[in-house]
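A quick write-up on the structure given underneath.
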Amino acid sequence: DAKTTQPPSMDCAEGRAANLPCNHSTISGNEYVYWYRQIHSQGPQYIIHGLKNNETNEMASLIITEDRKSSTLILPHATLRDTAVYYCIVRDGSGNTGKLIFGQGTTLQVKP
Amino acid sequence: GAVVSQHPSRVICKSGTSVKIECRSLDFQATTMFWYRQFPKQSLMLMATSNEGSKATYEQGVEKDKFLINHASLTLSTLTVTSAHPEDSSFYICSARGLRGREPQHFGDGTRLSIL
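Chain order of the listed sequences is Z and D.
Okay, so the first sequence: first residue is 1 according to our numbering, each after it adds one.
Okay, so the second sequence: first residue is 1001 according to our numbering, each after it adds one.
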C-alpha cells in the first residue's frame, strides 16, 4: 500500500474550518484514501473515505486532487472536541486483503 | 454506524498471567478482523490480521505463540496474550471490516493492559 505524508501538527481556531493536507504521490488506481482520527486513549474513529471524487458526510469533506496524489480533509466548523490525531491512510479496496497501516498522523489542536 | 465492542477496557494483572481480550462486531458481519498495539505517544502498529475460520496472519516481529488469535465466528475475535510480562503492557485495539474490501474498518475502544 502507498505511503502518506502529513504535517505533524496543526492549530485551528474554534468555529473555523480545519484543512488537513495529505500527500500520497505513489497511490495506485485501486487504492482508496481513508481518514481516521484518534482522540486520546480511544480507538480510532472512521471519518470518511474516497477513491477519486470529492466526498462529504456529516463529519467532514474530502477533497482529492485530480491526479490523486494528494487530498485534504476539511472539518467545516471545528470544535474543541475535534482536537485529535488525524490519520490519512491509503489502502487497496479492490479485494478484501488490504490492511490499514497507520503513520504518525497530524495532531490537530483546536483552540478557543 | 457500525459498532465494534472490545472487552475488557482495562486489565491489570501479575506477570506470567495470560489475558484474553474479546472483540465483537455488533451490527455487521466481520469477515476480517485486525489487532493493533499502541505504545504511549506512538502510532498504532498492526500485529495481525485474521479471517473468520482461518489462521491469523502475523506481521513481522510479532510472536504468534505469544499473541494467540482466534476468529471463530463472523462477529467475534479474541486475542490472548500468553504469559504476559511488563513489556507487554500496552494499549491493544481491535478492528473489524465487513464483506466488501473497500468498506471502512471500524475500531473498538481499546484495552489498556498493565502487567505488574
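Even glycine gets a Cβ: it sits at the ideal position worked out from N, Cα and C.
Small disclaimer: the values here were computed from a predicted structure and weren't measured.
Cut-off 6 Å between Cβ atoms - residues of its own chain near residue i, not counting five sequence neighbours on either side
i: D1109/D; result: Q1006
i: S1095/D; result: F1034, Q1105 and F1107
i: N57/Z; result: I48
i: V1011/D; result: V1019 and L1113
i: Y87/Z; result: Y36, F102 and G105
As assigned by DSSP and simplified to three states, the class of residue i
i: D1088/D; result: helix
i: L80/Z; result: helix
i: R11/Z; result: In the sequence on display, residue 11/Z carries Asp and not Arg. Strand at D11/Z.
i: I1069/D; result: strand
i: A60/Z; result: coil
i: A18/Z; result: strand
i: A1056/D; result: coil
i: H24/Z; result: coil
i: K99/Z; result: coil
i: Q6/Z; result: coil
i: A1048/D; result: strand
Nearest-angstrom beta carbon gap, residue j and residue i [assumed within contact, 8 Å]
i: A1030/D; j: R1097/D; result: 6 Å
i: T1082/D; j: I1021/D; result: Between I1021/D and T1082/D the Cβ distance is about 12 Å, and since that is not below 8 Å, they are no contact.
i: A117/Z; j: L75/Z; result: Past the edges of chain Z, shown from 1 to 112, lies residue 117/Z, and the structure says nothing about it.
i: T1017/D; j: A1084/D; result: 6 Å
i: L1079/D; j: I1069/D; result: 6 Å
i: T65/Z; j: L20/Z; result: That pair is no contact at about 14 Å.
i: Y1058/D; j: I1093/D; result: Contact flag wrong, Cβ pair sits at about 16 Å.
Buried versus exposed, by CB contacts within 10 Å (16 or more), residue i
i: A1072/D; result: exposed
i: P112/Z; result: exposed
i: V1003/D; result: exposed
i: S1050/D; result: buried
i: P1086/D; result: exposed
i: R91/Z; result: buried
i: G1061/D; result: exposed
i: F1039/D; result: exposed
i: E31/Z; result: buried
i: H77/Z; result: exposed
i: G98/Z; result: buried
i: R16/Z; result: exposed
i: A13/Z; result: exposed
i: G43/Z; result: buried
i: L1026/D; result: exposed
i: D11/Z; result: exposed
Residue i at chain D interface by Cβ criterion, 9 Å
i: S61/Z; result: no
i: P8/Z; result: no
i: H49/Z; result: yes
i: K52/Z; result: no
i: K69/Z; result: no
i: L75/Z; result: no
i: Y86/Z; result: no
i: G29/Z; result: no
Contacting residues, own chain, Cβ-Cβ under 7 Å from residue i (five flanking each side not counted)
i: S1089/D; result: L1113, S1114 and I1115
i: A84/Z; result: R37, Q38, I39 and L108
i: L1074/D; result: Q1029, A1030, T1031 and E1052
i: S25/Z; result: K69
Chain Z contact for residue i (CB, 9 Å cutoff)
i: T1049/D; result: yes
i: I1093/D; result: yes
i: L1036/D; result: Note on identity: in this sequence residue 1036/D is Tyr, with Leu being the wrong assignment. At least one chain Z Cβ lies under 9 Å of Y1036/D.
i: S1043/D; result: yes
i: H1106/D; result: yes
i: L1046/D; result: yes
i: G1061/D; result: no
Residue i beta carbon near the ligand SAH (any heavy atom closer than 8 Å)
i: N1051/D; result: Among the ligands in the structure shown, none appear at all, so the ligand SAH cannot be discussed.
is_contact[residue i, chain A] using C-beta, thresh 9 Å
i: S1025/D; result: The question asks about chain A, but that chain is absent: this structure's protein chains are Z and D.
Same chain only: Cβ atoms within 8 Å of residue i, ignoring 5 sequence neighbours per side
i: N23/Z; result: T4, T5, Q6, K69 and S70
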